[in-house]
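S.K.: Sequence lines, in order, name chains A and B.
Heads up, our numbering is the position in the first sequence plus 12, with the first residue counted as 1.
Heads up, our numbering is the position in the second sequence plus 1453, with the first residue counted as 1.
Glycine included, each C-beta is placed from N, C-alpha and C at the ideal position.
Computed from a predicted structure; not experimentally measured.
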Amino acid sequence: EWIKYAAACREGEDNSKRNPIAKIHSDCAANQQVTYRISGVGIDQPPYGIFVINQKTGEINITSIVDREVTPYFIIVCRALNLQGQDLERPLELRVRVLDINDNPPVFSMTTFIGQIEENSNANTLVMKLNATDADEPNNLNSKIAFKIIRQEPSDSPMFIINRYTGEIRTMNNFLDREQYGQYSLAVKGSDRDGGADGMSAECECNIKILDVNDNIPYLEHSSYNIEIAENALHSDLAQIRVIDLDEEYTDNWVAVIFFISGNEGNWFEIEMNEKTNVGILKVVKPLDYEETKNLQLSIGVRNKAEFHHSIMSQYKLTATVVSVTVTNVVEGSVFRPGTKTYVVTSNMEANSKVGEFVAIDMDTGLPSTTVRYVMGSNPADLLVVDSKTGILTLRNQVTMEQYQMLNKRYQGTILSIDDSLHRTCTGTIIIDLDGSGWKTEGTSTVSVQTTKENGEETTFTEPGGETSSRGPYVITDENGGGTNGEREPYQRPGDNVHFGPAGIGLLIMGFLVLGLVPFLLICCDCGGAPGGGAGFEPVPECSDGVIHPWAAEGPQPAPGDLTTICVPQIPPGGGVTMMECIDNSGVYTNDYYGREMQDLGGGERTTGFELMEGVKAPAAPDICQEYSGTLRRNSMRECREGLNMNFMENYFCQKAYAYDEEDEGQPSNDCLLIYDNESIASPAGSVGCCSFIGEDLDESFLETLGPKFKKLADISLGIDTEYYPDPDPSWPPRNTEPVCPQQTTGLVASGHPTVSHHVGATTVISENTYPSGPSVHHPMPISDPLGYGNVTVTESYTTSGTLKPSVHLHDNLHGPNVVVTERVVGPISGADLHGMLEMPDLRDGSNVIVTERVIAPGSSLPTSLTIPTPIESSNVVVTERVIQPTSGMMGSLSMHP
Amino acid sequence: EFQIQVRDYNAKNGTIKWHSSRRQKR
């Protein structure tokens, strides 16, 4: 965990001007000759010879241009040997970091991306996502790609937008129309350095196909149709009805369905669609009769095979198209209708008795034909005679037993109607069934003729079991006793009588027994009696809620009404049952390095270096680890946070060094880091936490230039006895911890922070209570944490400038105390009490607070704003402190953004 | 003591500053 300075070199350039980049020294060199050796990648491992060492002086030089994309860092193992080649010291490792330059352009994963989107899609619908990579350092501006659509074809109007960070292409509006443009082509540029002018770019193409939806209503080619057909005729292709639809051909959005709205009640017509041509073929599947229907008006409608898209669903109105059908007459002649007739012949019918008449019907008039003559066709036993003009059938002779036997009890003959003018003949069938009952050989008995039904009917019964069966000639029993022939058992209809089976009777008896048992049991069970009476019901005491505690199995009983005010901690999505979580950043990204903040400072203040304005951004997929709240979490908290983010620290130092290196004006390095590490390992119980100080090793005189708060913390961190440390500013801090200039403090926290006052004085111990204002104060005093360990939230905002104490704080501007110091110490907050007093951003996820002290060169103008980032989800919090020249005395323009 | 010092380039007045790693914790 030790923070080490890492040597740095920049890729792609000659770093020899920075030689020696490091030097090693052993105290053993004082009394013997020491030979320094280095080894490792870049020295005696490929790539060889990047670093060389002066064996006598220990100076390490870099000799070659390095490529970060090949070797992001080197680890040089340094050794000190005596003349015998033996190690005088334990080897040390020097980490040489290769700083990234923007020498790699973005590379799209595909040269042409292909996507598709439905027309009429809502605005902001995701179409596709582009992917590009940059080989430069991850989480660095050099590899931060910004996407931009630079061209669209067709270019009528921009239809797509792209998320510059994610590469997601979405619809700009809901006007995409496949019928207008079926495909779009986009040219997208990806530029690193977040799209900055100094970035490198690459381009790709995106082809977006517009998918069809059923957003066009079909219609018929003609508004009406006239058709003429002959009666009694069938047609397989009577007419063709073409449908027009603008949707994509051959799809269900285009294929039409023509349907009858009215006029086809006789189901004479059908329409069959040809899905290749979208033409409906009108068919006649049932002949029309001119004598019944001379004209017909069909009303047809059309729709698509697919449902209409919701965007036009309301526009669709059923439109009827009229198809006028004219039926033409055809001379049909005479026919027997019906074609078969059955007659009754009684036993007493003599010769020439009239059996009946069987006349042909003129189909064109619907009346008995007057143009035909009748003759008998088949006439078994020569039984009948027909009148040629009237069609009346008579018996030729009385039926004899011999005829009856010869006909096998059944007569079936035919009659012909002959139209001599049309040369047409029509045949009718005559049936006489001869029943043998009552027949006497003497010929005096009756010939029973009964009418035979064409299809024998069956009677359907529902049997008691619910089963339906069809049976033949069942005889229905008349309940009045009549109408039966007595040959079959009368059918018993269900429900007429109720009979209980043995099981039903048993159930009834059981029911009565149970009813009788209930009062018996009530008598036997003495619920209020003394316990211990053996097995029985658990006695329930009176005036209680029984044995079940309403507040769960353990814990105190809540006060009345508390059940409705149980506070459930909000668990972030994906979290489990724990309450604390922190995020381990794997990378740090300083977006505005050399960026916006530098501009805010103004040209004259750029000499002070850079500022991590954006703080630390959490990675896209942070590792979330969680902790239990309470005092037991100390060790696990430590494991969770694992101290500082080393990447962040290394970035910070290296970039700081280079920032200073490239500045034109010299500026003392007054930067230091104060790292609050709440409740890390080795923190004594009861302390607020650990404070680490990182600064110069050899020269501690810089402490003189620190502000009092930083200085105090530095003293504590460095182990300097504060008792003997000279107080450069005896007025610091105000003895009264209350804000001495409330209106000014209020002005500083114009965003709504309440004045931090004695409400949290007990916890504001870091600096104020341990500042060397007296010999009795040596160390941070253990405090009584009202919220328990880890529940410390301290915020301080104070000023010493302006009208407050100008005589005290107008020191050398370079080395003077700070005028405005904003410091936040944020620890895990498990309790919500402090939120009421301190409007702090919820930094439960923060694990470190880094305070940067900044000295702004004299003569500079006041910054217009003092901004504090709110890195809620970051693991490192960067707090910026500025020293502002207090000559103007105007502090009202400062504002803090929480 | 065996130590590594790393060169710092922020000194513009001609002096070279050397940093040793150090972190003190309390």
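Could you check whether the Cβ of residue 102 of chain A sits closer than 8 Å to any Cβ belonging to chain B?
M.R.: Taking Cβ atoms only, chain B reaches closer than 8 Å to residue 102 of chain A, which makes this a yes.
S.K.: Give the single residue among A:243, A:306 and A:312 whose Cα lies nearest to the Cα of residue 275 of chain A.
M.R.: If we check each option's Cα against that of residue 275 of chain A, A:312 comes out closest.
S.K.: Please determine, among A:207, A:202 and A:211, the residue with the shortest C-alpha to C-alpha distance to residue 218 of chain A.
M.R.: Taking only the C-alpha atoms, the option nearest residue 218 of chain A is A:202.
S.K.: Quick one: is residue 30 of chain A near chain B, going by C-beta distance under 8 Å?
M.R.: Yes, contact with chain B.
S.K.: Measuring straight from C-alpha to C-alpha, what distance separates residue 255 of chain A and residue 330 of chain A?
M.R.: Each residue's alpha carbon lies about 15 Å from the other.
S.K.: Do residue 205 of chain A and residue 142 of chain A have their C-beta atoms within less than 8 Å of each other?
M.R.: Not closer than 8 Å, so no.
S.K.: Please state the DSSP three-state secondary structure of residue 918 of chain A.
M.R.: An answer regarding residue 918 of chain A cannot be provided, because it is not within the stretch 13 to 910 covered by chain A.
S.K.: Within the continuous beta strand (DSSP E) that includes residue 284 of chain A, where are the two ends?
M.R.: Note, residue 284 of chain A: beta strand (DSSP E), 281-286.
S.K.: Rounding to the nearest angstrom, what Cα-Cα distance links residue 146 of chain A and residue 225 of chain A in this structure?
M.R.: Cα to Cα, the separation comes out at about 39 Å.
S.K.: Name, please, each residue of chain B whose Cβ falls closer than 7 Å to the Cβ of residue 106 of chain A.
M.R.: Within chain B, the residues near residue 106 of chain A are 1457.
S.K.: Specify, as a first and last residue, the run of the beta strand (DSSP E) that residue 165 of chain A falls within.
M.R.: Element bounds for residue 165 of chain A: 158-165.
S.K.: CA-CA distance, residue 382 of chain A and residue 388 of chain A?
M.R.: Looking at the two C-alpha atoms, the distance is approximately 18 Å.
S.K.: Check residue 491 of chain A in the structure and name its three-state DSSP category.
M.R.: Low confidence applies here, because residue 491 of chain A scores a pLDDT of 35, under 50, leaving its location unreliable and the question unanswered by this model.
S.K.: Out of A:163, A:182 and A:158, which has the shortest C-alpha to C-alpha gap to residue 207 of chain A?
M.R.: Ranking the options by Cα distance to residue 207 of chain A, first place goes to A:158.
S.K.: Please list the partners that residue 35 of chain A has in chain B, where partner means a Cβ-to-Cβ separation under 9 Å.
M.R.: Correct list: 1457, 1458, 1459, 1460 and 1471.
S.K.: Please say whether residue 253 of chain A and residue 294 of chain A have beta carbons closer to each other than 8 Å?
M.R.: Cβ atoms of residue 294 of chain A and residue 253 of chain A: closer than 8 Å.
S.K.: So with Cβ pairs under 8 Å, would you call residue 781 of chain A a contact of chain B?
M.R.: At residue 781 of chain A the pLDDT is 24, less than 50, meaning the model places this residue with poor confidence; the figure from the coordinates comes in the next sentence. Not an interface residue.
S.K.: Return no unless some Cβ of chain B is closer than 8 Å to the Cβ of residue 197 of chain A.
M.R.: Chain B, which has no Cβ nearer than 8 Å to the Cβ of residue 197 of chain A, makes this no.
S.K.: Select from A:442, A:333 and A:316 the residue whose C-alpha is nearest the C-alpha of residue 370 of chain A.
M.R.: Closest option to residue 370 of chain A, Cα to Cα, is A:442.
S.K.: Give me the subset of the segment 74-105 of chain A whose CB atoms are less than 8 Å from a CB atom of chain B, sorted by chain position.
M.R.: Against chain B - using a Cβ distance shorter than 8 Å - the residues of the segment 74-105 of chain A are 90, 92, 100, 101, 102 and 104.
S.K.: Is the number of C-beta pairs between the segment 123-139 of chain A and the segment 165-183 of chain A that are closer than 8 Å three or more?
M.R.: These segments touch.
S.K.: Out of A:249, A:364 and A:243, which has the shortest C-alpha to C-alpha gap to residue 408 of chain A?
M.R.: Ranking the options by Cα distance to residue 408 of chain A, first place goes to A:364.
S.K.: How do the segment 193-202 of chain A and the segment 160-169 of chain A stand: do at least 3 beta-carbon pairs fall below 8 Å, yes or no?
M.R.: With a cut-off of 8 Å, the segment 160-169 of chain A and the segment 193-202 of chain A count as touching, because enough Cβ pairs lie within range.
S.K.: Is the beta carbon of residue 101 of chain A within less than 7 Å of some heavy atom of the ligand GDP?
M.R.: No copy of the ligand GDP occurs in the structure displayed, which carries no ligand at all.
S.K.: Distance, Cα to Cα, residue 213 of chain A vs residue 79 of chain A?
M.R.: Answer to the nearest angstrom: the Cα atoms are 20 Å apart.
S.K.: So who's on the other strand from residue 219 of chain A, going by DSSP bridges?
M.R.: Looking at the DSSP assignment, residue 219 of chain A forms a beta bridge with A:126 and A:197.
S.K.: Helix, strand or coil, according to DSSP, for residue 410 of chain A in the structure here?
M.R.: Three-state result, residue 410 of chain A: coil.
S.K.: Three or more beta-carbon pairs under 8 Å between the segment 338-358 of chain A and the segment 284-291 of chain A, yes or no?
M.R.: Counting Cβ pairs under 8 Å, fewer than three are found: no touch.
S.K.: Measuring only between beta-carbons, confirm whether residue 26 of chain A sits less than 8 Å from chain B.
M.R.: No, residue 26 of chain A lies away from the interface with chain B (no Cβ there is under 8 Å from its Cβ).
S.K.: Is it the case that the Cβ atoms of residue 291 of chain A and residue 310 of chain A are separated by a distance below 8 Å?
M.R.: Going by C-beta atoms, residue 291 of chain A is not nearer than 8 Å to residue 310 of chain A.
S.K.: Using a C-beta to C-beta distance shorter than 9 Å, which residues of chain B count as neighbours of residue 19 of chain A?
M.R.: Those within 9 Å of residue 19 of chain A in chain B are 1457, 1459 and 1460.
S.K.: Just to confirm my understanding: we take residue 402 of chain A, look at its own chain, exclude 5 residues before and 5 after, and list those with CB closer than 6 Å. What are they?
M.R.: Taken in chain order, the list of residues that qualify is empty.
S.K.: Can you list, in chain order, the residues of its chain whose CB lies under 7 Å from that of residue 31 of chain A, leaving out five sequence neighbours each side?
M.R.: For residue 31 of chain A, where only same-chain residues beyond five positions count, the Cβ hits under 7 Å are 73 and 74.
S.K.: Count the C-beta pairs between the segment 261-270 of chain A and the segment 237-246 of chain A that are closer than 8 Å, then say yes if the count reaches three, no if not.
M.R.: Short answer: they don't touch.
S.K.: Give the DSSP-derived three-state secondary structure of residue 232 of chain A in the structure shown.
M.R.: It is a strand residue.
S.K.: Nearest by alpha-carbon distance to residue 987 of chain A: which of A:191, A:527, A:359 and A:299 is it?
M.R.: Coverage of chain A is limited to positions 13 through 910, which leaves residue 987 of chain A absent and any answer about it impossible.
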